[in-house]
Amino acid sequence: MADAKRALITGITGQDGGHLAALLHEKGYEVFGLIRGQNNPRREQVVAEFPFVTLIEGDLIDPTSLVRAVEVSDPHELYNLAAISHVGYSFKNPTLTADVTAKGVLNVLEAVRITGRAQHTRVYQASTSEMFGGLDYNRPGAGYNENSLFHPRSPYGVAKLYGHWIAKNYRESYDMFVACGILFNHEGERRGVEFVTRKITHAVARIKLGLQPNIELGDLWPKRDWGYAGDFVEGMWRMLQHTEPDDFVLATGETHSIEEFLTLAFAEIGIDDWKPYVVQNPAFMRPAEVDILLGDPTKAEQVLGWKRKVDFPGLVKLMVEHDLADQARKAAIA
Ligand code: NAP
Ligand code: G4F
17 MADAKRALIT GITGQDGGHL AALLHEKGYE VFGLIRGQNN PRREQVVAEF PFVTLIEGDL
77 IDPTSLVRAV EVSDPHELYN LAAISHVGYS FKNPTLTADV TAKGVLNVLE AVRITGRAQH
137 TRVYQASTSE MFGGLDYNRP GAGYNENSLF HPRSPYGVAK LYGHWIAKNY RESYDMFVAC
197 GILFNHEGER RGVEFVTRKI THAVARIKLG LQPNIELGDL WPKRDWGYAG DFVEGMWRML
257 QHTEPDDFVL ATGETHSIEE FLTLAFAEIG IDDWKPYVVQ NPAFMRPAEV DILLGDPTKA
317 EQVLGWKRKV DFPGLVKLMV EHDLADQARK AAIA
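Add 16 to a position in the sequence shown, counting from 1, and you land on the number used in our numbering.
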């Protein structure tokens with residue numbers, strides 16, 4: 017391992033952190049992961065699943081801990097995935113969201129710069145399609161690309177926009193290799209159950225097994241460009257292997273409503289009409305909604321040679337199958 021590339025991942029306990037750790041390990045990297053809290057409940061799972069990851073304690077809002085993490089790992093590549101990432105939660109916790117999701121990016125960049133690694137460490141910043149906002153006036157027919165207008169509609173989206181611009185500013189000011197991936201929604205078996213796709217597939221599995229009667233959801237009309245997280249982390253890695261630091265949209269180029277997701281997910285368990293199983297609860301609605309997101313990944317496809325592999329029906333199927341097996345296993349040992 018003496019000359020293996022080293023990568024530091026912030027957000028190692030999250031969905032993308034898991035997929036990326038596996039990918040980088042497969043590619044021969046020495047992988048480090050930043051983990052927050054003195055007793056993070058997800059530490060055990062990371063250790064069990066990814067025993068090859070060296071965990072370093074730290075928090076995006078604690079600059080000293082980030083300097084230490086960068087010094088300990090001395091990374092060739094740093095993937096900044098950590099964030100308060102739930103849009104609904106960001107409305108209820110806007111100050112924390114700004115501290116972590118906006119200022120936390122600055123803290124990471126500063127840790128790289130002040131430890132003298134500006135020309136040594138390539139940084140990936142996890143930007144998001146939530147920066148676009150999905151409003152009629154700024155919605156391009158063929159989908160948002162790297163030149164589209166931003167109009168974030170949540171404290172999360174606004175915080176991410178700061179992160180995006182400070183990342184670009186460090187690229188321009190200090191000649192740092194900082195790539196921003198503007199990623200549209202990506203899901204899968206590692207997705208947190210607080211996000212709508214996993215909430216649905218988790219509930220569908222439990223309904224099938226008689227473990228819960230229905231599912232409570234907010235608005236069902238919004239549309240998202242949903243891809244598979246495993247495909248998207250491959251795109252992140254490609255951005256850091258490119259000759260130039262740049263911005264790239266990763267998306268599927270298709271958009272589907274939550275109703276369409278429900279239809280496919282319930283069909284997997286043989287239910288054609290999901291309406292009797294869905295209860296609308298205003299608690300899951302947001303003060304401002306992003307009605308539709310559709311991305312145009314042409315640049316990533318042409319410049320990076322990236323292309324998503326899993327399509328929308330394939331995504332729903334793999335998530336439902338995973339949750340059916342997982343819930344059946346848990347029910348058997350309960
Ligand atoms: P996720 O599952 O919610 O994971 C977020 C990670 O951030 C967790 O590991 C969490 O750790 C960590 N974190 C939160 N606050 C922290 C803090 N103060 N210090 C250090 N770590 C902290 O998110 P994801 O879906 O993997 O997404 C990865 C990144 O991509 C995020 O920045 C997200 O905003 C962005 N993004 C995601 C999507 C998507 O569709 N998934 C699309 C575009 C952009 P704990 O275990 O401590 O909570
Ligand atoms: O699954 P969601 O919470 O994801 P959202 O808001 O699109 O954000 C995700 O994708 C972004 C990329 O565009 C990331 F940047 C962000 O970090 C995150 O990963 O909600 C999707 C849609 C929304 O319109 C929401 O209002 O589903 C709607 N929804 C309806 N009922 C619900 C629910 N969302 C959640 N989480 N829970 C519900 O019960």
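Ideal Cβ positions, reconstructed from N, Cα and C, are used throughout, including at glycine.
Computed from a predicted structure; not experimentally measured.
Item checked: Residues that DSSP places opposite N96 in a beta bridge -> On the sequence shown, residue 96 is found 80 positions in, with the first residue counted as 1. Partner(s): T26, Q141.
Notebook entry, point to check: For the putative contact between L94 and K224, defined by C-beta atoms under 8 Å, what is the C-beta separation to the nearest angstrom?
Noted result: Mapped onto the sequence shown, residue 94 falls at position 78. Mapped onto the sequence shown, residue 224 falls at position 208. For L94 against K224, the beta-carbon gap comes to about 42 Å, at or over 8 Å, which does not count as contact.
Next item on the list: Leaving out five residues on either side along the sequence, give the residues of the same chain with a beta carbon under 7 Å from the beta carbon of I216.
Entry: Against the sequence shown, residue 216 aligns to sequence position 200. Around I216: I231, F277, L278, A281.
Checklist line | Integer Cβ distance of F248 from K315, believed to fall under 8 Å | finding: Position 232 of the sequence shown, counted from the start, is the residue given in the question as residue 248. Position 299 of the sequence shown, counted from the start, is the residue given in the question as residue 315. Here F248 is actually not in contact with K315; their C-beta atoms are around 15 Å apart, not less than 8 Å.
Note to self: Am I right that I100 and L112 are in contact with their C-beta atoms under 8 Å? What's the rounded C-beta distance?
What the structure shows: For the purposes of this step, residue 100 is taken as residue 84 along the sequence shown, with counting starting at 1. For the purposes of this step, residue 112 is taken as residue 96 along the sequence shown, with counting starting at 1. About 6 Å separates the two Cβ atoms, so the contact holds.
Item checked: Cβ-heavy atom distance, D235 to the ligand G4F, below 6 Å -> Residue numbering aside, residue 235 sits at position 219 when the sequence shown is read from its first letter. Distances taken from the Cβ of D235 to the heavy atoms of the ligand G4F include one shorter than 6 Å.
Notebook entry, point to check: Any heavy atom of the ligand NAP within a distance shorter than 6 Å of the CB on I77?
Noted result: Taking the sequence shown and counting its residues from 1, the one referred to as residue 77 is at position 61. Of the heavy atoms belonging to the ligand NAP, at least one sits nearer than 6 Å to the Cβ of I77.
Margin query: Using 8 Å as the cut-off, can you tell me whether the region 196-208 makes contact with the region 138-156, which would need three or more C-beta pairs spanning the two stretches below that distance?
Written below: These segments touch.
Next item on the list: Compute the distance between the beta-carbons of I25 and L36, then report whether it is under 7 Å.
Entry: Stepping through the sequence shown from its first residue, residue 25 is reached at position 9. Stepping through the sequence shown from its first residue, residue 36 is reached at position 20. Contact flag set, yes.
Margin query: Using C-beta distances below 7 Å, list every residue in its chain close to D235, excluding the 5 sequence neighbours before and after it, in chain order.
Written below: Position 219 of the sequence shown, counted from the start, is the residue given in the question as residue 235. The beta carbon of D235 sits closer than 7 Å to those of M301, E305, all from its chain and outside the five residues before and after it, given in chain order.
Next item on the list: Please classify E60: is it buried, with 16 or more other beta-carbons within 10 angstroms of its beta-carbon, or exposed?
Entry: As a working mapping, residue 60 is identified with position 44 in the sequence shown. Flag for E60 reads exposed.
Checklist line | 8 Å contact criterion, which P334 and E205 should meet: CB distance rounded | finding: Translated into positions along the sequence shown, residue 334 becomes position 318. Translated into positions along the sequence shown, residue 205 becomes position 189. The amino acid occupying residue 334 in the given sequence is Leu; Pro does not appear at that position. Contact flag correct, Cβ pair sits at about 7 Å.
Note to self: Tell me the residue span of the alpha helix (DSSP H) that contains T70.
What the structure shows: Reading the sequence shown from its first residue, position 54 is the one you call residue 70. Looking at the DSSP string, T70 is not in any alpha helix (DSSP H); the run it does join, the beta strand (DSSP E), is 70-73.
Check: Name the DSSP bridge partner or partners of Y178?
Finding: In the sequence shown, residue 178 corresponds to position 162, counting from 1. Per the DSSP secondary-structure output, Y178 pairs with nothing in a beta bridge.
Check: What is the rounded straight-line gap between the Cα of G33 and the Cα of G27?
Finding: For this step, residue 33 is matched to residue 17 along the sequence shown. For this step, residue 27 is matched to residue 11 along the sequence shown. Approximately 6 Å between the Cα atoms of the pair.
Item checked: Enclosing alpha helix (DSSP H) for E351 [first to last residue] -> A query on residue 351 cannot be resolved here, the shown segment of the chain reaching from 17 to 350 and no further.
Margin query: Check for me: the beta strand (DSSP E) holding D263 runs from which residue to which?
Written below: Your numbering for residue 263 matches position 247 in the sequence shown. From DSSP, the beta strand (DSSP E) with D263 extends over 263-266.
Margin query: Assuming the contact rule is C-beta atoms closer than 8 Å, D241 and L177 should be a hit. Round their C-beta distance to whole Å, please.
Written below: Here residue 241 is taken as the residue at index 225 of the sequence shown, counted from 1. Here residue 177 is taken as the residue at index 161 of the sequence shown, counted from 1. Not confirmed; about 19 Å, so no contact.
Next item on the list: Examine the ligand NAP and report whether any of its heavy atoms sits within less than 6 Å of the Cβ of G8.
Entry: Here the chain has residues from 17 to 350 only, and residue 8 is not among them.
Next item on the list: Rounded to whole angstroms, what's the CA-CA distance from Y244 to A158? Just pull it up for me.
Entry: Counted from its first residue, the sequence shown places residue 244 at position 228. Counted from its first residue, the sequence shown places residue 158 at position 142. Cα to Cα, the separation comes out at about 21 Å.
Check: Quick one: is H136 buried, meaning 16 or more other Cβ sit within 10 Å of its Cβ, or exposed?
Finding: Position 120 of the sequence shown holds residue 136. Classification of H136: exposed, given that the 10 Å Cβ count is below 16.
Notebook entry, point to check: Between T271 and V88, what straight-line distance do the alpha-carbon atoms span, to the nearest angstrom?
Noted result: By 1-based counting over the sequence shown, the position of residue 271 is 255. By 1-based counting over the sequence shown, the position of residue 88 is 72. Rounded to whole angstroms, T271 to V88 spans 42 Å at the Cα level.
Notebook entry, point to check: Do R187 and P91 have their C-beta atoms within less than 7 Å of each other?
Noted result: On the sequence shown, residue 187 is found 171 positions in, with the first residue counted as 1. On the sequence shown, residue 91 is found 75 positions in, with the first residue counted as 1. In this structure, P91 does not lie closer than 7 Å to R187 by Cβ.
Check: In three-state terms, what does DSSP make of R240?
Finding: Indexing the sequence shown from 1 puts residue 240 at position 224. Residue state for R240 is assigned as strand, using DSSP reduced to three classes.
Note to self: Can you list, in chain order, the residues of its chain with a C-beta nearer than 6 Å to that of D307? Leave out the 5 residues immediately preceding and following it.
What the structure shows: In the sequence shown, the residue the question calls residue 307 occupies position 291. The answer, listed in chain order, is G150, P238.
Next item on the list: Starting from the C-beta of A20, find all residues in its chain whose C-beta is less than 8 Å away, skip the five residues before and the five after it, and write them out in chain order.
Entry: For the purposes of this step, residue 20 is identified with residue 4 of the sequence shown, where counting begins at 1. These residues qualify, in order along the chain: G44, Y45, E46.
Checklist line | Buried versus exposed, by CB contacts within 10 Å (16 or more), N297 | finding: Counted from its first residue, the sequence shown places residue 297 at position 281. Counting every other CB atom within 10 Å of its CB across the protein chains shown gives N297 a total below 16, marking it as exposed.
Notebook entry, point to check: Quick one: what does DSSP say G234 is sitting in, helix, strand or coil?
Noted result: Within the sequence shown, numbered from 1, the residue matching residue 234 stands at position 218. Here DSSP, grouped into helix, strand and coil, assigns G234 to coil.
Check: Starting from Q257 and walking both ways along the alpha helix (DSSP H), at which residues does that stretch end?
Finding: In the sequence shown, counting from the first residue as 1, residue 257 sits at position 241. Per DSSP, Q257 belongs to the alpha helix (DSSP H) from 245-257.
Notebook entry, point to check: Do F300 and the ligand G4F come close, with the Cβ less than 6 Å from some heavy atom?
Noted result: Position 284 of the sequence shown holds residue 300. Relative to the ligand G4F, the beta carbon of F300 is positioned inside 6 Å of a heavy atom.
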